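Per this note's numbering, numbering through the sequence shown is continuous, rising by one, with the last residue being 223. Virtual Cβ for every residue (Gly too), placed ideally from N, Cα, C. Being a predicted model, the structure only gives us computed values, none of them experimental.
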Amino acid sequence: MIEAKEVYFSYSDGTVALKNIDMKIGPGDMIYITGPSGSGKTSLLKLFMGIEYPTKGILNVLGQPIVRGQASKIRQMRRMIGPVFQDFRLVMGRTAIENVMLGARFLNFAPKKLKENAANALVKVGLEKKMFSLVEHLSWGECQRVAIARAVIRQPKLILADEPTGNLDKDNALNIIELFASLKERDTTVIVTTHATHLIENIKEGKLIRIENGIICEERLG
Ligand SMILES: Nc1ncnc2c1ncn2[C@@H]1O[C@H](COP(=O)(O)OP(=O)(O)OP(=O)(O)O)[C@@H](O)[C@H]1O
Ligand SMILES: [Mg+2]
């Protein structure tokens, strides 16, 4: 699913964001990545999405080597990923349900089925009352939940979620974590970055990876 061997990553300005990352993540795994601001969490997710490439080392995601010169194959691989970006990236001027439907535009759902699945995904994140609201009329936390529904509707093999519970109160945050955990039945792998220590202190299932200064400094099974 994901295999990283001695991966290093620097931005073009020379900032070293990740150092000597070794990871093996399998189908159905639930992984929490935590660490201080600037420690490299988002950078790691960018590598997993093939938005950036390792400067050194070997990285394979869903069978695809993350290397330069394979842009179209990497785009293909990305269709199996459900991303939840830290800044959501919703389409303004569109409703919540339209945004969720956009998440599944690559899948060949019949239009009725697409709408039904989008509505179901919004119910799962507790937004049944906001389905037809324009996203610019939603609160931060509501936008975040639209972004999560949009990732889930793709029926991805891998969910990469950057601080998906950052703007949510405890109940909504736990609801999202439960939703992600339930995807294990479909063998979906979920990788979540989070500062929310209350969510991960008592994790019963899954693995916690702590990054500091671009280095993995703790790995713990829940
Ligand atoms: N586009 C960029 N160009 C140069 N440096 C960058 C870029 N994006 C991030 N960095 C740097 O890379 C390091 C890791 O950043 P990253 O965004 O991965 O941290 P993070 O753990 O996600 O932080 P946060 O918890 O605040 O989201 C930081 O030092 C950051 O300043
Ligand atoms: Mg980040």
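Rounded C-alpha distance that separates residue i from residue j
i: K158; j: S134; result: 29 Å
i: G215; j: P37; result: 10 Å
i: K25; j: E99; result: 36 Å
i: P112; j: D188; result: 26 Å
Closest residue to residue i among the options (Cα-Cα distance)
i: K205; options: E219, G127 and Y33; result: Y33
i: Q87; options: A97, I59 and V147; result: V147
i: L91; options: K57, A152 and R80; result: A152
i: G142; options: L128, F110 and I154; result: L128
i: M2; options: H138, I177, L60 and T96; result: L60
i: G58; options: K20, T194, E7 and V68; result: E7
Cβ-Cβ separation, residue j to residue i (assumed contact under 8 Å), whole Å
i: S44; j: A5; result: With 8 Å as the limit, S44 and A5 do not qualify as a contact, their Cβ atoms being about 12 Å apart.
i: I154; j: N118; result: 5 Å
Residue i: CB within 7 Å of a non-hydrogen atom of ligand 2
i: I47; result: It is worth fixing the name first, because residue 47 is Lys in this sequence and not Ile. For ligand 2, not one heavy atom lies less than 7 Å from the Cβ of K47.
i: T166; result: no
i: D170; result: no
i: D163; result: yes
Distance cut-off 7 Å: residue i Cβ against heavy atoms of ligand 1
i: Y247; result: As displayed, the chain neither begins before 2 nor continues past 223, which places residue 247 out of reach and without an answer.
i: G51; result: no
i: T189; result: no
i: G36; result: yes
i: T16; result: yes
**Request:** Just list the alpha helix (DSSP H) runs in the stretch 120 to 200, keeping only unbroken ones of 4 residues or longer that don't cross its boundaries, in chain order.
**Result:** 141 to 153 and 171 to 183
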